[in-house]
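Read top to bottom, the protein sequences are chains A and B. Position one of the first sequence corresponds to residue 3 (our numbering), numbered consecutively onward. Position one of the second sequence corresponds to residue 3 (our numbering), numbered consecutively onward.
Number of protein chains: 2
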Amino acid sequence: METRTGTDVGLDLDLDALPLRERKKIRTARRIWRTAVTLFAERGFDQVSVAEIAAASEVSKMTVFNYFPSKEDLVLGPMEHHLDEPARVVRERAAGTSAVAALREQFLSALAVFDPATGLSDQQVVLDVVRLIHRTPALLMRTTAGFDHQAQALLAAELLAQDPAHDELTAQLAAAQLMAARLTLTGRNQRRMLTGERAEDALPAALDAARRAFALVERGLGDYCAGTA
Amino acid sequence: METRTGTDVGLDLDLDALPLRERKKIRTARRIWRTAVTLFAERGFDQVSVAEIAAASEVSKMTVFNYFPSKEDLVLGPMEHHLDEPARVVRERAAGTSAVAALREQFLSALAVFDPATGLSDQQVVLDVVRLIHRTPALLMRTTAGFDHQAQALLAAELLAQDPAHDELTAQLAAAQLMAARLTLTGRNQRRMLTGERAEDALPAALDAARRAFALVERGLGDYCAGTA
DNA sequence: CAGGATTTTTATACCCGGTCAACACTTAAT
DNA sequence: ATTAAGTGTTGACCGGGTATAAAAATCCTG
């Protein structure tokens, strides 16, 4: 998931102190992205052609593909900057802190500030993008698989590098479980936001869920579901 | 992952006791599938066009799409039959058995018989398909995301149905972690098979890895990676 | 400010996956 | 034999994506 700001197309720095040529590029990129997201939100991802976006952006089709490698990147592009976040959190954690604790604390902090990457954001643009993703199978697939999976690979590499025992299997499993927990949590938060609930109202439950999730990863499933049911 | 037999195109039953017309359909389906996989294995997924497959199969392009909804399904189609396996295993487990134990035992059994779904199979056709999937990002993504994720959803639903406490979060998390473990294991096995190792030789290590993986899910990560490294 | 060098944009044509609609063929039943 | 149904075929078409080369905008230098 990891849906981020959504307003940053390549750059958050809109400094006008640039070679004048860069400014135009940034502006057109933003214009294209904005028209695309608007059109998508109005009529759905598959119901809007790239040619249409190009026309509405007063730009040729080629230019669109010049800025965004594919149609999907018009929606998902901005998110891909945060791929290495989990790995970075683990790398930069305080000494003596476990991997689980580091990621838990980071996630809880992110929740507290309604970071879109947690799914707990009711900003209009973010909501539009999230709704779009959940409504479009191709996008949903690419966020979970292509994206979350890459992050998992990075995390596994980081864990392996730090694991004194150099146990690859454990590193991969740990990464998989931690990312799975994150993904589950963000997914739940996003779905909740899509129902129209305000982020602040959902915060307590989200915090609780996050704590429980990481606790589960930490202590395991045990004999879950072994009841004589 | 969950790569299955690979030889079953829609039907494993090649009974000739069918309405004579069905036989032709099955035969052409198999022919198309076989030519496709062969061509893919020779030159790569993206380097073979559907038109080419159609020509080589002595069939029109439309006919190919008639049998297989998309080009990707030419490779992945046969696997989609086993989506509900994890959910079924949990549903049909012996009373008093935990979800983890049920899935662990099933996986270990599947390993012992070199079930392709475990990744531990060195059958030629299976290897071809697996190699193809790992070499083609689009295919890899769809197997992990589209496929494994659906299985996870089914498993979560099953767990929720059986969880006396009706705790949705726990069910989702448990499903996510169990599927993540499975996916990690099958991925490792597949990669190992791709190196040319014989399945029988890799069996002991695979069994050990599986036991450790499920044990980790059962007992949690604890303070993993908390060493003062 | 002129003008060439560089970069960006555009137009065009094309490939491929996938869909649609009309037609032709085979086959089974009447 | 005729019809009706189901398939396969054909050909046109759409949309995403790429390649190429021309045109336009920008930048740098004199």
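Virtual Cβ for every residue (Gly too), placed ideally from N, Cα, C.
{"Item": "Min CB distance B:T37 to chain A below 9 Å", "Value": "no"}
{"Item": "Euclidean distance between Cα positions of A:G12 and A:T30", "Value": "For A:G12, the predicted model reports a pLDDT of 44, less than 50, meaning its position is unreliable; a value from the coordinates is still stated below. About 12 Å."}
{"Item": "Any chain B beta carbon closer than 9 Å to A:A215", "Value": "yes"}
{"Item": "beta-carbon A:T172 near the ligand NAD non-hydrogen atom, thresh 8 Å", "Value": "In the structure on display, the ligand NAD does not appear, and there are no ligands present to speak of."}
{"Item": "CB contact check: A:R194 to chain B, cutoff 9 Å", "Value": "no"}
{"Item": "For B:G189, three-class secondary structure by DSSP", "Value": "helix"}
{"Item": "Option in A:G148, A:D203, A:G224, A:H136 with minimal Cα separation from B:A176", "Value": "A:G224"}
{"Item": "Alpha carbon of A:F216 to alpha carbon of A:I28, nearest angstrom", "Value": "40 Å"}
{"Item": "Local Cβ density within 10 Å of B:G121, reported as buried at 16 or more and exposed below that", "Value": "buried"}
{"Item": "Proximal residues, the stretch 163 to 176 of chain A versus chain B, C-beta separation under 8 Å", "Value": "Q164, D165, P166, L171, T172, Q174, L175, A176"}
{"Item": "N-terminal and C-terminal residue of the alpha helix (DSSP H) that B:F109 is part of", "Value": "101 to 114"}
{"Item": "Where A:T197 falls, given that 16 or more other Cβ within 10 Å makes a residue buried", "Value": "exposed"}
{"Item": "C-beta neighbour in chain B for A:L15, strict 9 Å", "Value": "Reliability of the predicted coordinates at A:L15 is poor, the pLDDT of 48 falling under 50, and no value is obtained from them."}
{"Item": "Cβ-Cβ separation, B:M143 to A:M143 (assumed contact under 8 Å), whole Å", "Value": "7 Å"}
{"Item": "A:L15 classed as buried or exposed, judged by whether at least 16 other C-beta atoms fall within 10 angstroms", "Value": "In this prediction, A:L15 has a pLDDT of 48, which is less than 50 and means its spatial position is unreliable; nothing more can be read from the coordinates."}
{"Item": "Range of the contiguous alpha helix (DSSP H) that encloses A:F67", "Value": "63 to 69"}
{"Item": "Simplified DSSP state of B:Q125, which is helix, strand or coil", "Value": "coil"}
{"Item": "Unbroken alpha helix (DSSP H) run spanning A:K26, endpoints", "Value": "23 to 45"}
{"Item": "Beta-carbon gap between B:V132 and B:A183 smaller than 9 Å", "Value": "no"}
{"Item": "Rounded separation between A:L156 and A:A89 - CA only", "Value": "6 Å"}
{"Item": "DSSP three-state assignment for B:Q49, whether helix, strand or coil", "Value": "coil"}
{"Item": "Exposure of A:K73, with buried meaning 16 or more beta-carbon neighbours within 10 Å", "Value": "buried"}
{"Item": "The stretch 191 to 205 of chain A in contact with the stretch 105 to 122 of chain A per 3-pair CB rule at 8 Å", "Value": "yes"}
{"Item": "Spatially closest choice to B:E202 from B:A211, B:V91, B:D124, B:L129, by CA coordinates", "Value": "B:D124"}
{"Item": "First through last residue of the alpha helix (DSSP H) which encompasses B:M81", "Value": "Unbroken run through B:M81: none, as it is neither H nor E."}
{"Item": "A:L161 at chain B interface by Cβ criterion, 9 Å", "Value": "yes"}
{"Item": "Of the listed residues B:M181, B:T146, B:T145, B:A147, nearest to B:L161 (C-alpha basis)", "Value": "B:M181"}
{"Item": "Of the listed residues B:A163, B:D169, B:M195, nearest to B:E263 (C-alpha basis)", "Value": "With chain B covering 3 to 231 only, the question about residue 263 of chain B has no answer from this structure."}
{"Item": "Beta-carbon proximity of B:L129 to B:A208, cut-off 9 Å", "Value": "no"}
{"Item": "Closer than 9 Å to chain A by CB, B:H136", "Value": "no"}
{"Item": "Residue of A:R106, A:A178, A:A140 minimising C-alpha distance to A:R2", "Value": "In the structure as shown, chain A starts at 3 and stops at 231, and residue 2 of chain A therefore has no counterpart that could be examined."}
{"Item": "Under 9 Å between C-beta atoms of B:G46 and B:L134", "Value": "yes"}
{"Item": "CB of A:S100 within 9 Å of CB of B:Y226, strictly", "Value": "yes"}
{"Item": "B:T145 to B:V102 span [Cα, whole Å]", "Value": "23 Å"}
{"Item": "Three-state class that DSSP yields for A:E94 in the structure shown", "Value": "coil"}
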